[in-house]
Structures are given as structure tokens and as C-alpha cells.
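To start, the structure itself, in C-alpha cells.
Number of protein chains: 2
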Amino acid sequence: MPHLNRRAMIKIASVGTLAAGAGGARASAVVGTVRKWEIFEITLTGPQSGNPFRDVQLTATFSLGNRNLNVEGFYEDNGVYKVRFMPDAEGDWSFQVSSPTHALDGQSGRFTCVAAAPDVHGPVQVQHGFYFWHADGKPFQPFGTTCYAWIHQSETLQKETLATLVKAPFNKVRMCVFPKSYEYNHNEPAIYPFARSSAGESDFTRPNPAFYHHLESCVAALRGLHIQAEIILFPPDDRWGYATMAADNDDFYLRYVVARLSSYRNVWWSMANEWDFMKAKKESDFDRLFRILSAKDPSNHLRSIHNGKVMYDHSRPWISHASIQGDSFDKTGDFWNAYRKPVIFDEVQYEGNLNRRWGNLSGEEMTWRVWRGVIHGAYVTHGETLLTPHDAFDENATPDLWWAHGGALRGTSPKRIGFLRGIVEKLATAPGARNGLTRSDDQYYPNVVQYADDDKTAQAVLYFFDYKSPIWYEFPLPEGQFTAELIDPWSMTRTVQPGRFTGKSKLRLPGKPYQAMLFRRV
Amino acid sequence: MPHLNRRAMIKIASVGTLAAGAGGARASAVVGTVRKWEIFEITLTGPQSGNPFRDVQLTATFSLGNRNLNVEGFYEDNGVYKVRFMPDAEGDWSFQVSSPTHALDGQSGRFTCVAAAPDVHGPVQVQHGFYFWHADGKPFQPFGTTCYAWIHQSETLQKETLATLVKAPFNKVRMCVFPKSYEYNHNEPAIYPFARSSAGESDFTRPNPAFYHHLESCVAALRGLHIQAEIILFPPDDRWGYATMAADNDDFYLRYVVARLSSYRNVWWSMANEWDFMKAKKESDFDRLFRILSAKDPSNHLRSIHNGKVMYDHSRPWISHASIQGDSFDKTGDFWNAYRKPVIFDEVQYEGNLNRRWGNLSGEEMTWRVWRGVIHGAYVTHGETLLTPHDAFDENATPDLWWAHGGALRGTSPKRIGFLRGIVEKLATAPGARNGLTRSDDQYYPNVVQYADDDKTAQAVLYFFDYKSPIWYEFPLPEGQFTAELIDPWSMTRTVQPGRFTGKSKLRLPGKPYQAMLFRRV
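Protein sequences, first through last, are from chains A and B.
Just so it is clear: in the first sequence, position 66 is 68 by the working numbering, and no numbers are missing.
Just so it is clear: in the second sequence, position 505 is 507 by the working numbering, and no numbers are missing.
And the structure:
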């Protein structure tokens with residue numbers, strides 16, 4: 003495991019200690035260098051009385067040339083305040099802190115942002131309509147998985163989760179800030195996100211710094227593994243009151259999380275999981291929360307909201323991409339037309355053997371769902387709910403299921419998902435490719451991916467026959483010359499077909515289902 | 003093969019020969035006996051001049067007690083006219099022929115209808131809303147197949163088709179009167195349905211009796227195998243002009259076919275295949291044809307019409323059941339609500355390996371489609387388009403594909419369809435069962451069949467888990483005690499689960515997809 007516990011942030015000396023007395027002039031100093039897309043953190047000292055989490059405001063304005071970015075700080079603990087910032091451009095940045103609280107106001111400083119580390123590509127962004135790229139231009143194809151409450155499990159299990167992710171094919175993890183209360187999720191978390199009375203009552207105006215240190219170390223660990231942390235801010239499955247906080251507490255919590263975490267380059271924001279199942283909130287509440295999130299996140303991380311049964315209007319301006327529940331992969335084009343944004347099927351049910359509708363896909367079916375989504379130009383998120391026979395029939399068992407707890411993966415689909423990821427990532431980075439999984443409807447096989455926006459310049463065409471089993475097919479190729487490979491997505495074999503192919507090309511197929519054919523431009 | 007070539011109709015001495023001179027009194031005589039649901043045929047002699055097929059009308063009125071049924075006759079050939087009738091009740095029937103043509107008018111006679119042969123159960127009818135029964139009350143569950151143009155192939159192939167059907171699990175064959183012009187269907191028929199000029203022009207006012215003798219022998223052969231002949235009257239795939247006849251020719255052809263074939267108890271009428279693809283006809287043309295069919299068929303055989311993309315309004319009074327193309331099995335309940343009639347998915351694509359969308363289901367997928375349909379309370383028709391590797395890659399090959407030509411079945415689904423048929427037929431005939439495949443929506447597994455209209459009195463409950471792979475499931479059983487059998491639809495095994503089950507019953511499952519569980523009332 004590569005440095006899982008290294009906190010990849012630069013701590014600078016407390017700028018606040020540079021301050022003169024109240025109202026006096028404050029010094030400005032170059033306080034260090036930071037690599038692009040790492041975290042620059044200002045530490046300040048201020049009042050401890052009252053509820054500084056909520057009552058004290060501070061903002062730092064970071065400037066480079068004529069760019070100015072306002073970044074909210076937060077109260078850490080014990081009189082310490084922090085402002086965190088992820089610079090996205092090299093150069094000499096300056097900053098100035100402003101606050102109604104005199105002890106924090108007016109602090110300023112400078113730092114130099116130097117080139118990113120070689121393996122750091124910056125946050126993931128939407129480009130070219132329906133696709134994802136890192137900020138440095140490297141294509142990113144989400145192959146996510148789901149571990150809703152992994153950070154709330156035992157330390158041993160969390161370590162196992164990270165060890166699994168090191169070898170797993172996933173580059174995004176859907177995870178909740180809050181612990182989960184649901185079937186198979188009855189344990190209390192080791193650390194709660196808010197201060198609690200001895201009677202177990204939460205004070206939603208007082209975050210628990212120890213909890214956030216832990217959350218941050220988890221996000222940082224994923225960042226070290228080049229895994230995007232899709233942070234679900236408001237999950238519905240709750241017994242502690244987190245899902246039913248008052249609006250002002252929601253707003254405060256959101257700003258606090260953003261202040262702490264927006265400087266982590268691998269953060270994606272998911273406003274809610276199954277937002278329509280959160281009966282205490284109206285759609286307008288989520289709209290308000292999105293406005294806050296858009297205004298307060300200086301790094302403009304991806305923003306989505308996941309549906310239960312009712313689709314949110316993903317065309318709204320604060321939404322970066324549609325995060326959809328279901329398996330209507332063939333509607334990807336309709337979603338594109340409706341939202342003009344990328345489409346991720348973030349819950350397509352889980353590989354598993356539960357008695358529940360949502361948790362008992364065979365490994366084969368999970369694999370085909372990922373193929374179907376990708377081939378339609380969308381992205382698909384994995385999940386696993388596989389009981390061992392022992393867990394299934396022991397009434398007292400408290401099984402670890404990857405979907406909620408993390409731990410080990412036992413299913414047959416991850417390896418195959420990795421196989422597919424390998425194929426499309428290589429295509430996306432090939433010369434001339436635009437990362438464009440452009441769906442192209444063939445009359446008989448609408449299941450076509452072309453890695454270009456224009457048929458004529460497609461660098462590659464990938465066909466997937468799903469449950470269909472033709473013994474030959476006449477592939478309508480774009481202009482130019484192509485090689486062909488027969489792909490078996492389950493046995494994970496690639497068989498080069500002899501020859502070069504141009505125009506309508508009739509090729510033999512095995513006459514069995516779940517085969518694919520990949521054409522690449524010579 | 004049991005008596006494939008036996009014409010199971012009773013020929014009586016020409017009643018016409020009993021006639022005295024024109025205008026004279028005509029004798030009435032008991033001319034024989036006929037078993038119930040067999041064919042009673044009157045043969046008459048009349049004019050040969052002009053076009054007697056079209057110009058001469060004759061009707062026989064068959065009477066039993068106070069029932070009177072009008073049955074149209076037809077011109078056979080060489081001055082011979084016939085009226086065919088299938089009595090549906092035992093007793094002493096009388097008949098009287100009326101015709102504007104003096105030589106045919108006024109002939110009368112009597113015959114006795116005796117009990118049906120032991121293995122004859124009468125035509126299939128709709129009863130209890132959504133189900134099929136033979137006229138004698140024996141449940142009928144359609145497990146059909148498709149051989150559109152089998153009667154237009156070589157004699158050798160037709161014999162092979164029948165030999166295949168003897169062993170196949172199918173009890174209904176979808177077949178066209180007319181030959182088929184389509185991919186893989188380029189051969190000319192041995193016998194054409196209409197008289198043709200030396201230049202190959204058809205005279206749609208002159209049926210070819212030799213052709214109809216052949217069609218009748220084919221329908222009779224199927225009858226001998228207890229197979230329903232679903233006769234498609236107007237198929238769209240045509241190059242001879244049959245699909246674009248003038249309306250009066252359509253009407254005449256329809257009446258002629260009905261006069262010849264309505265006395266065959268195994269006839270089902272399918273007005274058209276993909277009616278919306280017949281560009282020369284409007285929906286109102288089919289309405290008109292259905293009115294004629296309803297009026298002219300004294301035996302009231304089942305009447306349906308099959309869609310391409312546009313659904314016909316199956317709620318119309320002349321439709322006996324919905325004959326649907328597609329795989330929207332989960333919409334069966336909606337179709338029931340809309341039409342209040344049984345639902346047969348008569349084209350769900352075919353098991354095959356063609357390059358065509360409609361012809362390359364794997365055997366597995368075809369099997370699951372039949373299960374899905376049945377489990378939703380519908381019925382599903384099989385078809386097969388499996389090329390041999392030789393046929394697939396020989397440019398000059400003219401392969402025989404079961405779907406159109408008949409011949410041999412090569413697929414893996416028929417055996418499994420037979421396995422399912424065996425299960426549900428046995429359930430339907432169990433004491434207390436009502437042949438009622440009543441869909442009952444379970445929250446998580448809507449795939450439930452209960453063999454009773456009322457949950458509480460269900461004699462059996464059949465669960466199918468499709469692609470889902472739970473390791474246990476809590477089955478909500480109706481009141482009473484049940485046995486349980488785990489069914490593997492692919493390996494065709496049935497494994498009795500020890501014990502008796504009452505109420506919510508938690509049973510172990512193999513944790514692999516495509517399993518079923520059958521509960522039967524003790």
C-alpha cells in the first residue's frame with residue numbers, strides 16, 4: 003500500500019502568530035511552496051469561547067494575477083482556525099484573510115505553487131459535453147464502486163478495504179459522511195460526526211473534529227490510490243437525526259464539510275443518495291444546498307445528486323453530471339438530450355445473493371450491466387452484497403458486505419470490470435482519441451461505442467452483442483482501415499482477427515452470447 | 003408418426019345426386035354419423051361455367067334442437083361444391099342447403115353426432131378471462147413455435163418438419179397460408195394458392211384447389227399431433243401480390259379459406275403477421291376482414307392479429323386474445339387491464355445465430371423469455387433461426403431455418419421449454435387448479451405464478467428468480483401447507499426440499515441465477 007497514512011497536505015507555521023496586536027499592521031511573507039493540486043493550509047489562532055464552529059466566520063482570498071478566489075475557513079479546535087486551498091495553477095499566489103473576528107482578520111501571506119507531482123493529474127472535470135477529464139487533460143473514465151459506510155467500520159476492516167482497493171479495478175468510491183442505518187447496518191460508529199451529550203443527543207452546531215480528521219485521512223488515502231472519493235453529503239438511511247436536521251444546520255454542516263474537504267483534489271460531491279427518499283427535505287431544500295455548495299467550493303468539484311425513484315432535474319446549472327439509479331442504459335441518449343451532461347449509472351443493483359431485489363445480481367449480470375452502460379456511452383458503478391453461506395444462515399451473524407462496510411471483494415465481476423476498464427482506458431488515450439464514447443445507433447445493434455465524436459474519424463469502434471449470439475456480422479466501419487479483435491468479456495480473452503478491414507466488413511463470430519468486437523484504426 | 007396422412011373427415015355420398023330435377027322436391031335422409039369436433043362434409047354438384055369459385059354462393063343451415071348455424075360452402079372443382087361443418091354437440095343434426103343457384107338449393111339431410119374420440123378435446127377457447135381451455139374443459143397452455151412457410155417447402159422437408167413436431171414440446175404452430183418472400187426465403191412454392199397464367203400472373207378470383215388440398219392435409223396432420231394450427235391469413239412478406247390484393251379479393255379469399263378450414267378443430271386465425279407493416283392495408287381493412295371472419299366462421303375459432311411496431315386495439319370485440327411482438331412480459335398485467343383477454347407473446351425474437359436483431363437469441367435467452375412470459379401469466383411462442391457453420395459461410399447455401407422452413411430443430415431451448423410445459427400443464431390439471439396463471443406481484447420478486455385466481459386458494463405457487471441469485475428467500479405463501487421443489491430450468495432438475503411449509507417460509511437457494519421454486523398445496 004503506497005503511503006496510505008501520509009497526510010498529503012502542507013502544514014505551514016501558524017500565520018496567526020505573525021499578527022501584531024489587534025488592529026495593528028500585519029506582515030506578509032512567502033511561507034512556502036506547494037505543488038499544484040495539493041493542499042495549502044493556513045492555520046490561525048482565535049477565540050475559543052461560545053461556539054466558534056458556527057459563530058466565527060473567516061474567509062481567505064487567494065490571488066494569482068487577476069484571479070481572486072474566496073475560500074471559507076473553519077474552526078478546527080482549541081482556538082485553532084484553518085483555511086485550506088488547492089491551487090490549480092503554478093505561480094506566486096498571495097492570500098489575505100478577512101473576518102469579523104479581529105484576531106483572524108487581515109492576515110496575509112504568499113506562497114509559490116510549483117508543478118504537480120508526475121502522477122498527479124488534478125481533479126476530474128466535465129469536458130466535451132458527456133465525458134470526464136482530469137484537469138491536466140488526462141481522460142478519466144469512471145469505474146466506480148460503492149462502500150457507503152466503510153469509514154465507520156473497525157480499523158481492521160478499514161485497512162482491509164484499502165488493501166482491497168489497491169488491487170481492485172475501481173477508480174471511484176461512493177461513500178457517505180454519515181454512518182448508515184439499514185439492514186446489515188446496525189453498528190454504531192466509532193466516532194460520531196457531531197458532538198453528543200452523555201444521553202446520546204447530537205449537537206448539530208458542533209462538528210466533531212476527531213471525526214473529520216478521520217474522514218480526511220480516508221479521503222487522502224483514496225487520493226493516494228488515485229481513487230475519486232464521491233462524498234455523499236445527505237444519505238437517507240439514518241437513525242441519529244442527520245437526515246432530519248433543521249435547514250440552518252444542514253447549511254452549516256455543508257459549509258463546514260466544504261471548507262474542510264474541497265481542497266482534496268479527488269473529491270466529488272454527491273448531495274444526496276436517493277434524495278427523494280429523504281422525506282424531511284423538499285426538492286427546494288436540495289436546490290438551496292446546491293447553491294451554497296456552488297458558491298463555497300473554490301475548486302468547483304463535480305456535483306451530482308442520486309435518485310431513488312424520482313429523477314432530479316439534472317439540467318439545473320449546479321449539476322455537473324447525472325447520477326442515476328436503474329439499468330436503463332439504452333436511455334443514455336435520452337438523458338444526454340435532456341441534460342446535456344455525462345451520465346453515470348451509480349446504482350444498477352449489486353452483485354450479491356441477498357434476498358433483496360437490489361442485492362442479488364449474479365456476477366455475470368453485473369458484468370453485463372457495466373458493459374451495457376459503457377457501450378451506450380454512460381458509466382456504471384459497481385457494488386457487492388455477497389453473503390457467505392455461513393453469514394446467510396447464522397441468525398447472529400453480522401456480515402461485512404462490501405457495499406456498506408468494505409472489507410474483501412468476493413464476487414466474480416470486479417476482475418471483468420477491470421478487463422473492460424483496461425480496454426476503454428487504452429482506447430481513450432490512443433493518439434487521435436477524444437475520450438469520446440459516442441454512442442452510434444446501428445439499426446440492428448445499437449450497442450456501439452466509437453472513440454470519436456465523428457463517425458469518419460473514429461479511432462476505434464467497440465461492438466458488444468450482449469445476449470445475442472450471431473455467427474457472423476457485417477460491421478459497418480467508418481472510413482479508413484481497421485484491425486479487429488474478438489473479445490470475450492467473461493473469459494477475458496482478446497483474439498486478433500487476421501487481416502485489415504475497410505467499409506462493411508463481414509466477420510465470423512462464435513455464435514455464443516456476450517461477445518464483443520473491437521476495431522482499431524491502423 | 004400417427005396417421006399423418008389420414009384425412010380425418012367423413013365423406014358422405016353426394017347429397018346433390020339425391021336431387022330430383024330442377025324445382026322438384028328434394029329428399030332428406032340420415033346420411034351417417036360423425037364424431038363430435040370431426041368434420042361433416044356435404045358434397046354437391048353444380049355449374050362449372052364462368053367462375054364458380056366466386057360467382058356461386060351456397061350456404062347450409064345446420065340445426066340441432068333450436069340451434070341453427072349457417073355455414074358457407076365453397077366450389078371445389080369440376081362442378082363439385084362442398085359444405086364443411088364441425089359439430090360441437092352430440093345429437094341428431096339436420097341441414098338444409100340454400101343457394102341462388104337452383105342445382106344447389108334446397109338440398110337437405112340429417113346426421114348423428116356421436117361422442118368425441120377419447121383423445122379429442124375440441125377446439126381451444128378463451129375462458130375465465132385470461133386463459134385457454136379446450137371445449138371439453140381440458141386446460142390448454144399454448145407453447146407454440148413458428149414455421150411460417152413450412153407447407154411451401156419440399157415434400158422431404160415437410161415430412162421432416164412433422165417428424166420433428168412429433169417429438170418437439172410445441173402444441174401450436176404459427177404458419178402462413180401464403181409462401182414467404184424474405185431473407186433466406188427466395189424459393190418458389192411447389193403449388194401456388196391461386197391460378198396463374200403462363201406469365202406467372204395470379205388470378206385472385208380463382209383459388210387453386212390443389213393448393214388447398216395440401217394446406218388441409220397439413221392442418222390435419224397437425225391436428226393428428228394435437229397441435230394447434232395458427233393460420234396467418236395475411237402475411238406482409240410477399241412478392242406475388244398476395245399482400246396487395248384489392249379489398250374484394252381479400253374478402254373473397256378470406257371467405258374461401260374459412261369455408262374450407264373452419265371445420266378443422268385445431269385452427270386458430272391470425273388475421274395478419276405484423277399488420278402495421280402491410281402498407282397496402284389500413285387498420286379499417288383489418289376491421290372489415292375481422293367482421294367477415296366473425297360472421298362466417300360457425301365454429302368461432304380463436305381470432306388474433308399480430309403487430310410489428312404498432313399495437314392493434316385488442317380490446318375490439320372480434321379479438322379473442324392479444325398476439326404481441328416483443329419481450330415486455332412485465333407489461334402482461336397492463337395488457338390484461340387494457341384488453342381483458344389472454345396475452346400471447348407470439349414473437350419474442352428467435353433462438354439463432356443470424357446477423358439480424360430478431361434472429362440471434364442464445365438458447366438460454368430464449369428459455370428465459372419463455373419462463374418470464376409464463377411467470378407473468380402470459381404465453382410465449384418459440385422460434386429458431388440457427389445456421390450451421392457451413393450454411394453461414396457458404397455464399398450459395400440455402401439453409402433451412404425452422405422459423406420459416408421447418409425441418410430439424412438444432413437449438414438448446416426446445417427441450418427446456420418442454421420441461422417448463424410439463425411443469426405448468428401438470429399444475430393446471432391438478433385437483434382444485436383453475437388453469438389460472440394469476441400473476442401476483444411480490445414487492446421484490448414480481449415473478450410469481452399462482453395457479454388460482456385467489457391467493458388464499460392457490461394450489462401452487464411458482465417463483466422464478468431470473469438473473470437474480472439470492473442465497474435464501476422468504477417466500478410469502480398462501481394459507482395452508484405446501485411442499486417445495488427447487489427447480490433448475492436449464493439443467494432440468496427438480497429437487498424436493500424436505501419438510502412442509504406454511505406462511506412466510508425461508509428457504510435456502512443455490513445463490514446462482516435462473517433458479518425457480520415450486521410450492522404445491524399438500
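Ideal Cβ positions, reconstructed from N, Cα and C, are used throughout, including at glycine.
Task: Stretch-stretch touch, CB-based, cutoff 8 Å, three pairs: the region 331 to 343 of chain B with the region 363 to 380 of chain B - done: Between the region 331 to 343 of chain B and the region 363 to 380 of chain B, the count of C-beta pairs closer than 8 Å reaches three or more; the two stretches touch.
Open item on the list: By the three-class DSSP mapping on this structure, what secondary structure does A/His303 have?
Closed with: Under the three-state reduction of DSSP, A/His303 is assigned to coil, being neither helix nor strand.
- [ ] Please determine if the region 165 to 180 of chain A and the region 355 to 372 of chain A are in contact, where contact requires at least 3 C-beta pairs separated by less than 8 Å.
- [x] No: fewer than three Cβ pairs fall under 8 Å.
Task: the region 413 to 421 of chain B / the region 121 to 139 of chain B touching (three or more Cβ pairs under 8 Å) - done: At 8 Å Cβ cutoff, the stretches do not touch.
TODO: Could you run through the region 465 to 494 of chain B and flag, in chain order, every residue whose CB is less than 7 Å away from some CB of chain A?
DONE: Answer in chain order: Tyr469, Lys470, Ser471, Pro472, Ile473, Trp474, Tyr475 and Glu476.
- [ ] Taking A/Leu66 and A/Trp95 to be in contact with their CB atoms under 8 Å, please state how far apart those CB atoms are, rounded to whole angstroms.
- [x] Contact flag correct, Cβ pair sits at about 5 Å.
- [ ] Measure the CB-CB distance between B/Pro472 and B/Leu422 and report whether it falls below 8 Å.
- [x] No, these two residues do not count as a Cβ contact at 8 Å.
Task: Segment limits, alpha helix (DSSP H) that includes B/Cys220 - done: Per DSSP, B/Cys220 belongs to the alpha helix (DSSP H) from Pro211 to Gly226.
- [ ] At 8 Å on the CB atoms, spell out the chain B contacts of A/Glu185, in chain order.
- [x] Going along chain B, no residue has its Cβ under 8 Å from A/Glu185, so there is no contact; the nearest lies around 12 Å.
TODO: Answer with buried or exposed for A/Thr504, where buried requires no fewer than 16 other C-beta atoms within 10 angstroms of its C-beta.
DONE: Exposed, by the Cβ-count rule.
Task: Option in B/Tyr465, B/Phe55 and B/Tyr314 with minimal Cα separation from B/Trp277 - done: Of B/Tyr465, B/Phe55 and B/Tyr314, the smallest CA-CA separation from B/Trp277 is found for B/Tyr314.
Task: Residues of the region 367 to 382 of chain A with Cβ closer than 8 Å to any Cβ of chain B, in chain order - done: Of all residues in the region 367 to 382 of chain A, those with a C-beta nearer than 8 Å to a C-beta of chain B are Glu367, reading in chain order.
TODO: Report the three-state DSSP secondary structure of B/Ser471 (helix, strand or coil).
DONE: Three-state DSSP puts B/Ser471 in coil, outside helix and strand.
Open item on the list: Quick check on B/Ser364 - is its C-beta less than 8 Å from some C-beta in chain A?
Closed with: By this cut-off, B/Ser364 is an interface position.
TODO: Within its chain, find whatever has a CB closer than 6 Å to the CB of A/Ile489; leave out the 5 residues flanking it on each side and keep chain order.
DONE: Taking A/Ile489 as the centre and dropping the five residues before and after it, the same chain places the C-beta of Arg496, Ala518 and Leu520 closer than 6 Å to its C-beta, in chain order.
Open item on the list: Short of 8 Å in beta carbon distance, which residues of its chain neighbour B/Ala534, apart from the five on each side in sequence? Order them along the chain.
Closed with: Here chain B has residues from 3 to 524 only, and residue 534 of chain B is not among them.
Task: Run of the beta strand (DSSP E) containing B/Asn339, from where it starts to where it stops - done: It is not in any beta strand (DSSP E) - B/Asn339 instead sits in the alpha helix (DSSP H) that spans Thr334 to Tyr341.
- [ ] Check whether the region 426 to 433 of chain B touches the region 181 to 192 of chain B, taking contact to mean three or more Cβ pairs, one atom from each stretch, closer than 8 Å.
- [x] Short answer: they don't touch.
Open item on the list: Could you check whether the Cβ of A/Asn355 sits closer than 8 Å to any Cβ belonging to chain B?
Closed with: Closer than 8 Å to some Cβ of chain B, the Cβ of A/Asn355 qualifies, so yes.
TODO: List the residues that DSSP assigns as beta-bridge partners of A/Ile79.
DONE: It should be pointed out that residue 79 of chain A corresponds to Asp in this sequence rather than to Ile. BP columns for A/Asp79 point to A/Val82.
Task: B/Arg112: CB within 7 Å of a non-hydrogen atom of the ligand GDP - done: Absence of the ligand GDP from the depicted structure is noted, as is the absence of any ligand whatsoever, leaving it without description.
TODO: Tell me B/Lys283's beta-bridge partners as DSSP assigns them.
DONE: Its beta-bridge partners do not exist; DSSP assigns none.
- [ ] Provide the residue span of the beta strand (DSSP E) that contains A/Trp270, from first to last.
- [x] It spans Val269 to Ala274 - the beta strand (DSSP E) in which A/Trp270 sits, taken as one unbroken run.
- [ ] To the nearest angstrom, report how far apart A/Pro125 and B/Glu349 are at their CA atoms.
- [x] If I take the Cα positions, the gap works out to 50 Å.
Open item on the list: Distance check for A/Asp57 and A/Glu1, CA to CA, integer angstroms please.
Closed with: As displayed, chain A neither begins before 3 nor continues past 524, which places residue 1 of chain A out of reach and without an answer.
Open item on the list: Less than 8 Å between the C-beta atoms of B/Ala149 and B/Pro237, yes or no?
Closed with: It is worth fixing the name first, because residue 149 of chain B is Cys in this sequence and not Ala. Not a contact, by the Cβ cut-off of 8 Å.
Open item on the list: By the three-class DSSP mapping on this structure, what secondary structure does A/Gly424 have?
Closed with: DSSP places A/Gly424 in helix when its eight states are reduced to three.
Open item on the list: Against chain B, with Cβ distances strictly below 8 Å, would A/Arg510 count as a contact?
Closed with: Yes, its Cβ sits closer than 8 Å to a Cβ of chain B.
Open item on the list: Can you pull the chain A neighbours of B/Phe64, defined as C-beta to C-beta under 7 Å?
Closed with: For B/Phe64, no chain A residue has a C-beta closer than 7 Å to its own C-beta; the minimum C-beta separation is roughly 52 Å.
Open item on the list: Rounding to the nearest angstrom, what Cα-Cα distance links A/Glu285 and A/Ala297 in this structure?
Closed with: Counting only the Cα atoms, A/Ala297 lies some 19 Å from A/Glu285.
Open item on the list: Starting from B/Asn251, trace the alpha helix (DSSP H) in both directions and tell me its first and last residue.
Closed with: Following the DSSP letters along the chain, one finds B/Asn251 inside the alpha helix (DSSP H) bounded by residues Ala249 to Leu263.
TODO: Report the residue from B/Ile307, B/Asn355 and B/Ala324 whose alpha carbon sits nearest the alpha carbon of B/Ala340.
DONE: It is B/Ala324 whose Cα lies nearest to the Cα of B/Ala340.
Open item on the list: Less than 8 Å between the beta carbons of B/Gln327 and B/His303, yes or no?
Closed with: Against a cut-off of 8 Å, the Cβ pair of B/His303 and B/Gln327 comes out as no contact.
Open item on the list: Mapping the DSSP letters down to three states, classify A/Ser100 as helix, strand or coil.
Closed with: Strand, per DSSP.
Open item on the list: Run through chain B and tell me which residues come within less than 7 Å of A/Leu389, C-beta to C-beta.
Closed with: For a Cβ distance threshold of 7 Å, residue set Ile473 of chain B lies close to A/Leu389, ordered along the chain.
Open item on the list: Counting C-beta neighbours from all protein chains within 10 Å, is the total for A/Pro89 16 or more, i.e. buried, or is it exposed?
Closed with: In summary, A/Pro89 is buried, with 16 or more beta-carbon neighbours lying within 10 Å of its beta-carbon over all protein chains present.
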